[in-house]
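Participant:
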DNA sequence: TGATATTAGTTTAAGATTAAATCATTTAAT
DNA sequence: ATTAAATGATTTAATCTTAAACTAATATCA
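Protein chains in written order, with the numbering used here: chain A, 8 to 154; chain B, 8 to 154.
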């Protein structure tokens, strides 16, 4: 579904690629959020739990950077995960400005329970692409990722 | 930057493609939002104005569907655009459940002023892709778009 | 040492977003 | 015609998100 914008060929090609990419990511994200919404997690909350599971304890700033959200928002996300006792803040002893954010046993159990279904859903969605196309996605996104 | 998840090759390939796609769209979106943020518009507001400019008057439900947001949210977005007199609601005479949402002269002037810079920024960002890669994006997103 | 700058995290204020309940209007089915 | 169902829009309550101002801890360096 191309744009209705009247521009040069080059402009229309770029605009179409952009629109398609954004809409695709948006709708893919919506279709894949059921795995964590069912467990009362928001996207950011799921992202934090998943990041901690796979990368180990991180401080809030690192989490915010990885998940592309602001520091203030990360404070709230960690607060809310903390209220449900899914993560805990532990002051860094060497530098008391930092917290190390750890998964609690309860948090680890939850994310380990949810994650496989999430992967399964992704594999299913991405199954419409050939292996070569999946590699193309990585290459293209790598190029676009550099500002 | 691949995932740390231990899974089958197929799972890791799908997961990596997915993560790259989502992060790419996210950061691309952040880099491209300056064009409208400078004019005090949110992403949704910009989306509405741009859609109305290129597709003509639509009702709120159609706008919500095109922009992948909820109807309730669209009510608020239109409210806020209305407060700034950038759009206006006009009751459909044949079916009074509908509003036709029109760009005002002020709204049309604004979006016509902003849009070229937005396109220019997109062309610049997408310029890191070859023409063939831009076409690949469309093909890949078209496949992923089907649920 | 002690003033200054930097850094991690928090708070605040404004507004965005959603799901769900509700209202108003129109359509469908007797 | 009248009831029931469907449809577009609104409201509500809860949560998310951001930018900017702020606090506390650490680093820098004259």
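Note that CB positions come from ideal geometry on N, CA and C, so glycine has one too. Bear in mind that the values here come from a model prediction, so they are computed numbers and not experimental data.
Are the beta-carbon atoms of residue 93(A) and residue 60(A) separated by less than 8 angstroms?
Facilitator: Residue numbering aside, residue 93(A) sits at position 86 when the first chain is read from its first letter. Residue numbering aside, residue 60(A) sits at position 53 when the first chain is read from its first letter. Contact flag unset, no.
Participant: Considering only their Cβ atoms, is the gap separating residue 65(B) from residue 108(B) smaller than 8 angstroms?
Facilitator: For the purposes of this step, residue 108(B) is taken as residue 101 along the second chain, with counting starting at 1. For the purposes of this step, residue 65(B) is taken as residue 58 along the second chain, with counting starting at 1. In contact: residue 108(B) and residue 65(B) (Cβ atoms closer than 8 angstroms).
Participant: For residue 45(B), report the span of its alpha helix (DSSP H) as first-last.
Facilitator: Here the question's residue 45(B) lines up with position 38 in the second chain. Note, residue 45(B): premise wrong, no alpha helix (DSSP H); not H, not E.
Participant: Taking 8 angstroms as the threshold (beta carbon to beta carbon), is residue 150(A) in contact with chain B?
Facilitator: Working through the first chain from its first residue, we reach residue 150(A) at position 143. Yes, contact with chain B.
Participant: Is residue 17(A) helix, strand or coil when you go by DSSP?
Facilitator: Residue numbering aside, residue 17(A) sits at position 10 when the first chain is read from its first letter. Three-state DSSP puts residue 17(A) in a helix.
Participant: Assign residue 97(B) to one of three DSSP states: helix, strand, or coil.
Facilitator: Start at 1 with the first residue of the second chain, and residue 97(B) comes out as number 90. Strand.
Participant: Please give me, in chain order, every unbroken run of the beta strand (DSSP E) with length at least 3 that falls completely inside the region 68-151 of chain A.
Facilitator: DSSP runs (the beta strand (DSSP E)) wholly in the region 68-151 of chain A: 94-98 and 106-110.
Participant: Am I right that residue 32(A) and residue 138(B) are in contact with their C-beta atoms under 8 angstroms? What's the rounded C-beta distance?
Facilitator: As a first step, residue 32(A) must be located in the first chain, where it is residue number 25. As a first step, residue 138(B) must be located in the second chain, where it is residue number 131. Not a contact, Cβ separation roughly 22 angstroms.
Participant: Flag residue 25(B) as yes if its beta-carbon sits less than 8 angstroms from any beta-carbon of chain A, otherwise no.
Facilitator: Taking the second chain and counting its residues from 1, the one referred to as residue 25(B) is at position 18. Closer than 8 angstroms to some Cβ of chain A, the Cβ of residue 25(B) qualifies, so yes.
Participant: Contact defined as beta carbons within less than 8 angstroms: I believe residue 18(B) pairs with residue 130(A). What is the distance between those atoms, to the nearest angstrom?
Facilitator: Against the second chain, residue 18(B) aligns to sequence position 11. Against the first chain, residue 130(A) aligns to sequence position 123. Going by Cβ atoms, the distance from residue 18(B) to residue 130(A) rounds to 6 angstroms, so yes, they are a contact pair.
Participant: What number of angstroms, rounded off, separates the C-alpha of residue 69(A) from the C-alpha of residue 125(B)?
Facilitator: Sequence index remark: in the first chain, residue 69(A) carries index 62 (1-based). Sequence index remark: in the second chain, residue 125(B) carries index 118 (1-based). Cα-Cα distance, rounded: 31 angstroms.
Participant: For residue 119(B), tell me which candidate among 142(B), 46(B), 24(B) and 15(B) has the shortest Cα-Cα distance.
Facilitator: Position 112 of the second chain, counting from 1, holds the residue named residue 119(B). For residue 119(B), the nearest C-alpha among the options comes from 46(B).
Participant: Using beta carbons (cut-off 8 angstroms, strictly below), is residue 147(A) in contact with chain B?
Facilitator: Residue numbering aside, residue 147(A) sits at position 140 when the first chain is read from its first letter. It does: the Cβ of residue 147(A) has a partner Cβ on chain B nearer than 8 angstroms.
Participant: Among residues of its own chain, excluding the 5 on either side of residue 75(A), which ones have a beta-carbon nearer than 7 angstroms to its beta-carbon?
Facilitator: Start at 1 with the first residue of the first chain, and residue 75(A) comes out as number 68. Closer than 7 angstroms at Cβ, skipping near neighbours: no residue.
Participant: Under a CB-based cut-off of 8 angstroms, is residue 81(A) close to chain B?
Facilitator: Translated into the one-based positions of the first chain, residue 81(A) becomes position 74. Cβ-Cβ to chain B under 8 angstroms: no for residue 81(A).
Participant: Step through the CB atoms of chain A and report whether any lies within less than 8 angstroms of the CB of residue 36(B).
Facilitator: Here the question's residue 36(B) lines up with position 29 in the second chain. Interface residue, yes.
Participant: Would residue 114(A) count as contacting chain B if we go by Cβ distances under 8 angstroms?
Facilitator: Numbered from its first residue, the first chain carries residue 114(A) at position 107. No, no contact with chain B.
Participant: Whose C-beta lies closer than 8 angstroms to the C-beta of residue 39(B) among residues of the same chain, with five residues either side of it excluded?
Facilitator: Here residue 39(B) refers to the residue found at position 32 when the second chain is read from its first residue. Around residue 39(B): 125, 128, 129 and 132.
Participant: In chain A, what lies closer than 8 angstroms to residue 84(B) by C-beta?
Facilitator: Your numbering for residue 84(B) matches position 77 in the second chain. None at all; the shortest Cβ gap to chain A is about 16 angstroms.
Participant: For a cutoff of 8 angstroms on Cβ pairs, would you count residue 31(B) as touching chain A?
Facilitator: As a working note, residue 31(B) is residue 24 in the second chain. Residue 31(B) counts as touching chain A.
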